[in-house]
Structure formats: C-alpha cells, structure tokens
Amino acid sequence: MRLWLKDSERRPDPLPARTDARTALFIGTLLWLIALGAALFIEVTAPGVSKSGAAGAPGSGWWLWCTVIGVGVGVVGLAWVQFRRR
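What follows is the structure in structure tokens.
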C-alpha cells in the first residue's frame, strides 16, 4: 500500500450527495420552540421558587435566552437552505 498515488492512478472523486436538510432543521427548530414555551411557562409560573440556582431563580434568564437563540439559529438555517436551493 502506498501513501501517494499519481493523478493518473486515482479514481475520480464522487459527485457530492444531494441532501435535503430542511426536515432536520425544521424538527430542530420546532424542538427549540417547544423548549422556549416550557422556559417561558417556568419563568412566568415559578419566579424565584428555588434558591439553588435552578429554573425560576434569580440569574436563570439564560435558560430563556438559550432557547430564543436556538430558535433564531434554526430560522436562519431554514432561510439559508431555502436560499441555496434556488
């Protein structure tokens, strides 16, 4: 076995696989949207319940912002994939 082949001995590169990432992006964005709903529900119904730094405690706003960013990245990804299909 050799580490280097001459260009004349190499097989041609395969064509890139055609994939559709819209389904995966849509499902991921939908899951982030569900998580956002749960984070909003916890933030509204249980403000300051736990003193251990869990959800609802002061300083737990990052849970909410994490889900907002997840939804935003998913929407941007869906827009990008749709733009690239044209």
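Counted the way numbering that gives the first Met the number 0 counts, the sequence shown spans residues 0 to 85.
For every residue, glycine included, the Cβ atom is placed at its ideal position computed from N, Cα and C.
Write down the C-beta distance between residue i and residue j rounded to the nearest angstrom, noting that I regard them as a contact closer than 8 Å.
i	j	result
A45	T66	Between T66 and A45 the Cβ distance is about 16 Å, and since that is not below 8 Å, they are no contact.
Please state whether DSSP places residue i in a helix, a strand or coil.
i	result
E8	coil
L2	coil
R84	helix
A45	coil
Task: Sufficient close CB pairs (3 or more, under 8 Å) joining the segment 1 to 8 to the segment 28 to 38 - done: No, the segment 1 to 8 is not in contact with the segment 28 to 38.
Task: Contiguous alpha helix (DSSP H) assignments of at least 4 residues, all confined to the segment 9 to 37 - done: Runs found: none.
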